[in-house]
Amino acid sequence: MKITKTQSKTIPIDSTVVKYLVAMDSFKGSLSSIEAANAVKEGMLRANPDAIVDVCPLADGGEGTVEALIHGMNGSFQSVKVSDPLGKTIDCKYGIIHSFSSDTGNDECDSELCAVIEAAEACGLYLVPTDKRNPLYTTSYGLGEVILDAFAKGCRKFIIGIGGSSTNDGGIGMIEALGAHFLDKDGNEISRGAIGLKNLHSIDVSGMNKELCRCSFMIACDVDNPLCGENGCSQIFARQKGADDDSIEKMDRWMEHYADLTCDTLKENKEYIDKDYPGTGAAGGLGFAFKYYLGGELKPGIDIVIKETGLLEYIKNADVIITGEGCMDSQTSMGKAPVGLARAVKACDTSKKVVALAGKLGEGAEECKDYGIDECYGITDYIHYDDFAEYMDSKNAYANLSKLAEDIFKT
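Heads up, our numbering is the position in the sequence shown plus 14, with the first residue counted as 1.
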């Protein structure tokens, strides 16, 4: 679906008729969501200074979600010292926004503080040196510490993106930080990391804060893998986190035992524990822990962002929606932010046009057309660099994206 310059004239700019919405995902390593959107808007306004252009943040629950929501909803950034996946102390960034009741409108008296957290900031794979990557020994404990800090600051609603984790501990590290105890047959705390599941004999949740357990947790979860089995977290994701075949088989068995113990522990006050529930295998079992220990709702990240930012109202008022990301390829059609936005647009009104601007159009980009994106354009089809670092430089990326938008939207 490569679109050439000669086809750019198909997009009309008439500010008396057409209203535009720009909602870009981040260009990883180069531009944030807001920076990318502003670059596009600048280019469009150079093409036609009278164009009506709204800008909204966009993310799918992964990298850039905190920044997108903070900038889009006038929130604030927070920092707290937590344990990283290997137990070292690090500074972890998250955000706090005002979330409003959809039943009563955006009245300040109905607002509540909402924490926006990316799990990878506390237990992400990128935090672990390559030679030390092994999910047997990485823990999600730091994520629980972030949740406690946000709770202490008054947050009673949580939006948590759980992609990019280094862990396969079923979320026991996080739940331990929140006051639970995971014990061996002698009544001692098990080791942190998936290796601890080997000796898990009983679970005690009596120390968990009851008010915390009544908070609202919306979990941005864009995979539907179950906790255990051939499509579970151990079999599908643990290898990329440093596990070998032998440990993968063991972790899967330990995870199933952990699920059974969870069922025995929570059976009096929780629904039936289903280790095959879609998404419970996300982030090494964090999806399972959030759903059954904290009552979390597992949802596609883009759906959460659209709801929380009020993006649907902007979609309703726009005629043409411009979206995109750094590289659009076959993975984009598997639920990434641009396609998620396009689906929401077409569900609202199939006559609305969705145009995507990307840094690069990779293999399979044409598949996006089947999911609501009408046209795609890539910077690399216009500008070529011998030096990749020069191409990725944020100033160059901003200028190139802005120029691409200007060229395409010229009458």
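All C-beta atoms, glycine included, are put in the ideal place defined by N, C-alpha and C.
These numbers come from a predicted model, not from an experiment.
What do you get for residue i, buried or exposed, if any count of 16 or more other CB atoms within 10 angstroms of its CB means buried?
i	result
Ser116	Legend: pLDDT at Ser116 = 45, less than 50; position of this residue unreliable, no value from coordinates given.
Met87	buried
Met265	buried
Glu282	exposed
Met188	buried
Pro63	exposed
Ser90	exposed
Tyr151	buried
Phe251	buried
Glu49	buried
Asp259	exposed
Arg357	buried
May I have the straight-line CA-CA distance separating residue i from residue j, to the nearest angstrom?
i	j	result
Asp343	Cys382	8 Å
Gly315	Gly75	4 Å
Ile104	Pro143	14 Å
Glu190	Tyr155	7 Å
Ala273	Leu325	37 Å
Glu132	Ile174	6 Å
Ala166	Leu226	10 Å
Gly178	Ser40	16 Å
Leu127	Thr276	30 Å
Leu83	Leu371	21 Å
Arg253	Lys212	18 Å
Ile329	Cys362	8 Å
Pro99	Cys106	12 Å
Gly109	Gln92	6 Å
Quickly, what does DSSP pair residue i with across the bridge? List them, please.
i	result
His195	Asp218
Lys33	Ile66
Glu311	Met232
Lys398	Rather than Lys, the amino acid found at residue 398 in this sequence is His. Paired residues: none, contrary to the question.
Cys106	Val94
Met342	Leu375
His112	Leu127
Ile186	Paired residue(s): none; Ile186 is not in a bridge.
Ile422	Paired residues: none, contrary to the question.
With respect to the beta strand (DSSP E) encompassing residue i, which residues constitute its N-terminal and C-terminal limits?
i	result
Cys128	126-132
Asp41	Note that residue 41 is Phe in the sequence shown, not Asp. Here Phe41 belongs to no beta strand (DSSP E), and DSSP marks it neither H nor E.
Leu371	367-372
Can you list, in chain order, the residues of its chain with a C-beta nearer than 6 Å to that of residue i? Leave out the 5 residues immediately preceding and following it.
i	result
Ser397	In the sequence on display, residue 397 carries Ile and not Ser. Excluding positions up to five away in sequence, the list reads Asn414.
Lys360	Gly386
Thr394	Lys374
Let's see if you can read the secondary structure: which residues bound the alpha helix (DSSP H) around residue i?
i	result
Ile204	First-last for Ile204: undefined, no H or E at that position.
Ser261	259-280
Arg393	At residue 393 the sequence reads Ile, which differs from the Arg that was named. Unbroken run through Ile393: none, as it is neither H nor E.
Lys224	224-227
Val353	351-362
Counting only the same chain and skipping the five closest in sequence on each side, list residues whose C-beta sits under 7 Å from that of residue i.
i	result
Val67	Tyr34, Val36, Lys55, Met58, Leu59
Glu122	For Glu122, the predicted model reports a pLDDT of 41, less than 50, meaning its position is unreliable; a value from the coordinates is still stated below. Answer for Glu122: no residue qualifies.
Val69	Val36, Ala51, Asn52, Lys55
Thr294	Pro240, Leu241, Gly301, Phe302, Lys305
Ser261	Leu150
Ala351	Asp39, Leu72, Ala73, Asp74, Ile316, Glu339
Lys16	Per-residue confidence for Lys16 stands at a pLDDT of 38, beneath the threshold of 50, marking its modelled position as unreliable; no derived number is given.
Using only the heavy atoms of the ligand GTP, determine whether one of them is closer than 7 Å to the beta carbon of residue i.
i	result
Leu139	This structure lacks the ligand GTP; in fact it carries no ligand of any kind.
Looking only at its own chain, which residues have a Cβ that is under 8 Å from the Cβ of residue i, when we skip the five neighbours before and after it?
i	result
Asp407	Ser44
Looking at the C-beta of residue i, does it have a partner C-beta in chain C at a distance below 8 Å?
i	result
Leu375	Looking for chain C here will not work: only one protein chain is present.
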